[in-house]
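Protein chains in written order, with my numbering: chain S, 251 to 355; chain Y, 251 to 355.
Let me begin by presenting the structure, written as structure tokens, before commenting on it.
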DNA sequence: CGACGCGTTCACACGCGTTTCACCAGGCAA
DNA sequence: TTGCCTGGTGAAACGCGTGTGAACGCGTCG
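Right, dumping it as structure tokens:
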């Protein structure tokens with residue numbers, strides 16, 4: 251687990267210590283879970299993470315088969331990211347596997 | 251240097267842990283089945299594999315006589331490989347037998 | 001005590017991947 | 001060449017995985 255330092259990937263800047271996220275310099279209002287999930291994705295940029303990996307990292311414990319929490323939070327994150335940058339999808343779905351965060355250029 | 255599980259044959263690099271395939275450094279977007287089939291072929295480079303062998307390895311169980319799944323997926327893999335490297339055929343047909351993957355130079 | 005925010009779960013529609021089908025192309029034998 | 005068999009591949013059918021609005025429960029704060 252990396253320290254609570256500022257993480258910058260592309261246009262995204264995460265300051266866990268201050269519980270703030272900047273996208274293109276625009277502050278995002280995220281809940282604790284949303285921030286944790288986005289951090290986990292951003293720290294593994296351009297890597298496909300399974301739901302199990304994400305759940306374990308953010309929620310802890312094993313993902314139950316019916317649990318859709320990861321999907322729901324990915325959806326909410328996408329909405330908040332798209333509110334600032336509508337034209338670029340940051341979180342990509344890998345069907346049958348999981349998700350991948352791509353900070354892009 | 252990639253992790254130990256990475257399979258590299260010629261211009262192809264397969265990272266099963268990340269569900270990622272690179273051809274000449276270009277990431278290929280493959281489905282789960284496509285990736286499994288390509289892995290099986292690449293792990294047996296320059297060796298002719300029968301449809302039965304491929305089906306057993308990727309799908310599991312026995313190949314029914316009418317099942318064309320292997321052919322269809324070989325076709326799709328060829329298309330995606332050719333999208334990156336049009337001039338070189340990687341998957342060769344051995345008439346009446348099966349297929350052979352040749353990573354080349 | 002009521003309102004609010006957050007996390008979780010549910011429900012349903014939709015998109016994507018897989019399988020199957022159909023038809024065409026190409027190789028092999030005679 | 002003729003005929004048969006094998007392989008190539010576009011497209012439809014089907015089932016399952018995913019997207020997402022909404023409801024619910026719970027804790028917190030005014």
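We put the beta carbon where it would ideally sit given N, CA and C, even for glycine.
query = Between residue 288 (chain S) and residue 278 (chain S), what straight-line distance do the alpha-carbon atoms span, to the nearest angstrom?
reply = Translated into the one-based positions of the first chain, residue 288 (chain S) becomes position 38. Translated into the one-based positions of the first chain, residue 278 (chain S) becomes position 28. Rounded to whole angstroms, residue 288 (chain S) to residue 278 (chain S) spans 11 Å at the Cα level.
inquiry  = If distances are taken between C-alpha atoms only, which option among S:346, S:274, S:301, S:313 comes closest to residue 338 (chain S)?
reply    = On the first chain, residue 338 (chain S) is found 88 positions in, with the first residue counted as 1. Ranking S:346, S:274, S:301, S:313 by Cα distance to residue 338 (chain S) puts S:274 first.
query = Where does residue 263 (chain Y) fall in DSSP's three states?
reply = Residue 263 (chain Y) sits at position 13 when you count from the first residue of the second chain. Of the three classes helix, strand and coil, the one that applies to residue 263 (chain Y) here is strand, per DSSP.
inquiry  = Extract the residue ranges of the beta strand (DSSP E) inside the stretch 256–325 of chain Y, only unbroken runs of 3 or more that lie entirely within it.
reply    = 257–259, 262–265, 270–273, 276–278, 298–300
request  = Using a Cβ-Cβ cut-off of less than 7 Å, give me the residues of the stretch 289–322 of chain S that come near chain Y, in sequence order.
outcome  = 297, 298
Rounded straight-line distance, which links the Cα of residue 285 (chain S) to that of residue 255 (chain S) = Stepping through the first chain from its first residue, residue 255 (chain S) is reached at position 5. Stepping through the first chain from its first residue, residue 285 (chain S) is reached at position 35. If I take the Cα positions, the gap works out to 14 Å.
request  = Determine, using beta carbons only, whether residue 334 (chain Y) comes closer than 8 Å to chain S.
outcome  = Taking the second chain and counting its residues from 1, the one referred to as residue 334 (chain Y) is at position 84. No, its Cβ sits nowhere closer than 8 Å to a Cβ of chain S.
Limits of the beta strand (DSSP E) - the one that residue 341 (chain S) falls within = Numbered from its first residue, the first chain carries residue 341 (chain S) at position 91. Counting along the chain, the beta strand (DSSP E) containing residue 341 (chain S) begins and ends at 341–344.
query = Taking C-alpha atoms, which residue in Y:334, Y:333, Y:346, Y:320 lies nearest to residue 290 (chain Y)?
reply = Taking the second chain and counting its residues from 1, the one referred to as residue 290 (chain Y) is at position 40. Of the candidates Y:334, Y:333, Y:346, Y:320, the one whose C-alpha sits nearest the C-alpha of residue 290 (chain Y) is Y:320.
query = Given residue 272 (chain S), which residues of its chain have a CB within under 6 Å of its CB, disregarding the five upstream and five downstream residues?
reply = Your numbering for residue 272 (chain S) matches position 22 in the first chain. Cβ neighbours of residue 272 (chain S) beyond the five flanking positions: 263.
key: Stretch-stretch touch, CB-based, cutoff 8 Å, three pairs: the stretch 330–337 of chain Y with the stretch 306–314 of chain Y   = no
ask   = Are the C-beta of residue 260 (chain S) and some C-beta of chain Y separated by less than 8 Å?
value = By one-based count along the first chain, residue 260 (chain S) stands at place 10. Taking Cβ atoms only, chain Y never reaches closer than 8 Å to residue 260 (chain S), which makes this a no.
request  = Note down, in chain order, every chain S residue with its Cβ under 8 Å from the Cβ of residue 281 (chain Y).
outcome  = By 1-based counting over the second chain, the position of residue 281 (chain Y) is 31. Within chain S, the residues near residue 281 (chain Y) are 345, 346.
ask   = Out of S:293, S:348, S:306, S:295, which has the shortest C-alpha to C-alpha gap to residue 281 (chain Y)?
value = Counting from one through the second chain, the residue named residue 281 (chain Y) turns up at place 31. Nearest option by C-alpha distance: S:348.
key: Backbone CA spacing between residue 306 (chain Y) and residue 316 (chain S) [nearest angstrom]   = The residue you call residue 306 (chain Y) lines up with position 56 of the second chain. The residue you call residue 316 (chain S) lines up with position 66 of the first chain. About 30 Å.
request  = Can you give me the Cβ contacts of residue 298 (chain S) inside the same chain, cut-off strictly under 8 Å, excluding the 5 residues immediately before and after it?
outcome  = As a working note, residue 298 (chain S) is residue 48 in the first chain. Taken in chain order, the residues that qualify are 344, 347, 348, 349, 350.
key: Beta carbon of residue 260 (chain Y) nearer than 8 Å to that of residue 354 (chain Y)   = Taking the second chain and counting its residues from 1, one reaches residue 260 (chain Y) at position 10. Taking the second chain and counting its residues from 1, one reaches residue 354 (chain Y) at position 104. Against a cut-off of 8 Å, the Cβ pair of residue 354 (chain Y) and residue 260 (chain Y) comes out as a contact.
inquiry  = Strictly below 7 Å CB to CB, what residues from chain S border residue 270 (chain Y)?
reply    = Here residue 270 (chain Y) is taken as the residue at index 20 of the second chain, counted from 1. Per Cβ cutoff of 7 Å: 298.
inquiry  = Assuming the contact rule is C-beta atoms closer than 8 Å, residue 323 (chain S) and residue 265 (chain S) should be a hit. Round their C-beta distance to whole Å, please.
reply    = Along the first chain, read from residue 1 onward, the residue named residue 323 (chain S) stands at position 73. Along the first chain, read from residue 1 onward, the residue named residue 265 (chain S) stands at position 15. No, residue 323 (chain S) and residue 265 (chain S) are not in contact; Cβ-Cβ is about 20 Å, not under 8 Å.
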